[in-house]
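Q: Let me give you the structure first, and then I'll get to my questions.
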Amino acid sequence: MVDTLDIGIVGGSIGGLFAATLLTRAGHHVTVFERSVHGLARRGAGLVAQPEVLEVLHEVDRDDAARVGVIAHERITLARDGRVVSGDPSAQMQLSWDYLYEVLRSLLPADRYRLASPVTSVETTEQHAVIRFDDGHSAQFDLVIGADGLNSVARSTVAPEHHTNSYAGYVTWRGLVDEGSLPSDAADALFDRFVFFNGPNAHMLGYLVPGPAGEVQRGSRRYNWVWYRPMTTGQLADLMTQSGRTRESSSLAPGQLPAELRDQLVSEGLNELPWPFAAAVAVETHPFLQAIYDYVPPRMVRGRIALLGDAAVMVRPHTAMGAAKAAGDALALRSLLGELPLDRALSRYDRERLPVGRAISEYGRGLAASLPFARPGLVVPEGRP
């Protein structure tokens, strides 16, 4: 009989929630510590319904959430003037990131998801793991899971010799707008399709996702656009400082981009993008940004600390497999902890999941090598692993 564990999870995004819901359902005592004050709704946009994500939803008895998606009935590529230059009749369903986040969070008791709990470090001994918080207090657990993403504090303990990310040289701007906000001609060109554009300095895609509460009826959905653009390290640092962030920051949440820079982005969209995409950019009043990084660790486990999701291995978004990888990590960890003593379970987790993450990372870098602004004219087949 495997013991019930007291588990602390650093990071309350999708990866942390995958682990928290599965492990709670398995009988463990789980507490999630999330640094944000108000939660993470609208921090993500859309995601592809990969099998691992659907399996987690099945395991936590929320198969209904897996059916809350919008189907794109074809995939097309636009020319700069807005003409359709290629098409593929393959259908694909997109889920809503923030709806999935709310579904998973609702499965945890309120006192087990603690907002405004920034973690400064984690430590491990033979007997326990410790989470230290920025207000000076600490908490002790049988196991700590680092699911704290790109800037994970858990990495420096698990892999002190290599815990920093490598910037890929480009960023992704994102928008998420009510479908009714788009002009009718742009809506006719974009809706019910997975749409791409490849230009000399841009790769862009867009698709419909459910509304914030899972609405899928026409008129209540949202349009999600993703605009990849090259940006030097210096340009990224300057953008962060102009937006009131530190030069070392790597992301902007909705509302953090100053109005004048948002207006500049809209103007650049008009100059660089097909008119339907430019219209979608123009109606987003609060675009958000994520710089693209790579990270593959030498290990995912040290003592009683395990890394999961982006904290473990950063994968390029072109793979459409970031959430799926985090779900796979959580499923594997749940199963191993149910079969083996803690030390053996963690050892197996490291051996099994690190090669998976490494392979997805390599796949994503291969896709990125064909980005239009790296090699003009080639298409990045997003979402097709």
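Take 838 as the starting number for the sequence shown in the numbering used here and just add one per residue. We put the CB at the ideal spot given by N, CA and C, even for glycine. If you're wondering where the values come from, they're calculated on a predicted model, not measured in any experiment.
Apart from the five residues just before and just after H865, which ones in its own chain have a Cβ nearer than 8 Å to its Cβ?
A: Correct list, in chain order: T841, L842, D843, I844 and L1174.
Q: Would you be able to state if there are at least three C-beta pairs under 8 Å between the stretch 1081 to 1089 and the stretch 1113 to 1133?
A: Counting Cβ pairs under 8 Å, three or more are found: they touch.
Q: Pick out whichever of L1168, S993, V1120 and A882 has its Cα sitting closest to the Cα of A1024.
A: Nearest C-alpha to A1024: V1120.
Q: Can you check which of these residues, R1139, G1146 and P1154, is closest to L1183 by C-alpha distance?
A: Checking every option, the nearest Cα to that of L1183 belongs to R1139.
Q: Consult DSSP for E1085 and reduce its assignment to one of helix, strand or coil.
A: Here E1085 sits in coil by DSSP.
Q: My assumption, with CB atoms under 8 Å, is that T1070 sits in contact with Y1130. Please give the rounded CB distance.
A: At roughly 11 Å, the Cβ-Cβ gap does not stay under 8 Å, so T1070 and Y1130 are not in contact.
Q: Go to H895, then tell me how far its alpha helix (DSSP H) extends in each direction, as first and last residue.
A: Per DSSP, H895 belongs to the alpha helix (DSSP H) from P888 to E896.
Q: Looking at the structure shown, is M930 part of a helix, part of a strand, or coil, going by DSSP?
A: If DSSP states are grouped into helix, strand and coil, M930 belongs with the strands.
Q: Throw me the rounded Cβ distance for the N1038 and P1067 pair, which I believe falls under 8 Å.
A: Confirmed, about 6 Å.
Q: Here's a check: name, in chain order, each residue in its chain whose Cβ is nearer than 6 Å to the Cβ of V847, leaving out the five neighbours to either side.
A: Here the set comprises F870, V956, G983, D985 and A991.
Q: Compute the distance between the beta-carbons of D925 and L1179, then report whether it is under 8 Å.
A: Cβ distance not < 8 Å, so D925 and L1179 don't count as in contact.
Q: Since R1153 is in the beta strand (DSSP E), which residue starts that stretch and which ends it?
A: Segment: none, R1153 is in no beta strand (DSSP E) and carries neither H nor E.
Q: Which residue's Cα is closest to the Cα of D900: P1095, L937 and L1170?
A: For the residues P1095, L937 and L1170, the minimum Cα distance to D900 belongs to L937.
Q: Taking 8 Å as the threshold (C-beta atoms), are A1115 and L1107 in contact?
A: Yes, Cβ-Cβ distance for L1107 and A1115 is below 8 Å.
Q: Locate the beta strand (DSSP E) running through P1113, then write down its first and last residues.
A: Not the beta strand (DSSP E): P1113 falls in the alpha helix (DSSP H), residues W1112 to A1119.
Q: Would you kindly check if the distance between the Cβ of I908 and the Cβ of A928 is under 8 Å?
A: Cβ atoms of A928 and I908: closer than 8 Å.
Q: Could you check what DSSP says for D971 in three-state terms: helix, strand or coil?
A: Of the three classes helix, strand and coil, the one that applies to D971 here is coil, per DSSP.
Q: Please identify the residue among T994, H965 and A1160 whose C-alpha is closest to the C-alpha of S958.
A: For S958, the nearest C-alpha among the options comes from T994.
Q: Once the 5 residues before and after Q887 are set aside, which same chain residues still bring their CB inside 6 Å of it?
A: These residues qualify, in order along the chain: A1161.
Q: Looking at L987: is its Cβ nearer than 8 Å to the Cβ of D1166?
A: Not closer than 8 Å, so no.
Q: In whole angstroms, give me the CA-to-CA distance for F855 and E889.
A: Near 10 Å, if we compare the C-alpha coordinates of E889 and F855.
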